[in-house]
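Here the structure is laid out as structure tokens; the discussion comes afterwards.
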Amino acid sequence: MPQLDLMHFFSQFFWFSIMFIILFFYLNLTILPILVKNLKYRSKKLIVLSKKINDTKQDVVELCSFHDNLISNSFKTINKKVLDSTSLSRTSLTKRLNVLSSDLCYDCNKSYFTFVNISTYKNFVFSKHIF
């Protein structure tokens with residue numbers, strides 16, 4: 001076998017060493033920095049996306065709780081108005097129900113739009129698409 005021949009062994013070892021050193025420095029100076037940079041960028045990007053997802057989840061939870069509170073308050077208001085309208089039955093029933101429905105719609109819509117204009121959900125409702 002010519003690879004193990006002493007005459008060829010040293011020349012092969014010499015060129016192997018030279019090529020190995022060249023390849024080693026090439027990888028260390030060009031390929032590895034690119035890989036490290038990409039991995040760091042990917043890690044930072046994943047962290048940022050995770051924070052955005054958590055913030056969006058928190059916004060959705062707060063919006064749902066506001067919605068639940070709004071519905072609860074409207075039912076309480078309806079109950080109060082119905083009790084008031086039945087206790088004060090001097091006028092006709094249809095007139096009382098018309099007043100009742102107009103007041104309820106006005107109060108609910110007013111509180112909802114006040115919330116949308118004042119709170120931070122204005123950006124959430126109008127700028128994000130929920131599918």
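Number 72 in UniProt numbering belongs to position 72 of the sequence shown; there are no gaps in the numbering.
Even for Gly, the Cβ is constructed at its ideal location relative to N, Cα and C.
The structure presented is a predicted model; accordingly, all values stated were derived computationally and were not measured.
- Rounded to the nearest angstrom, the gap between the Cα atoms of L83 and T77 is 10 Å.
- Rounded to the nearest angstrom, the gap between the Cα atoms of F16 and V36 is 28 Å.
- Distance from the CA of L23 to the CA of Q58, rounded to the nearest whole angstrom, comes to 51 Å.
- Note on the UniProt domain "ATP synthase YMF19-like N-terminal" (2 to 85): there is no whole beta strand (DSSP E) run with a minimum of 3 residues.
- Taking C-alpha positions only, I31 is separated from F25 by approximately 10 Å.
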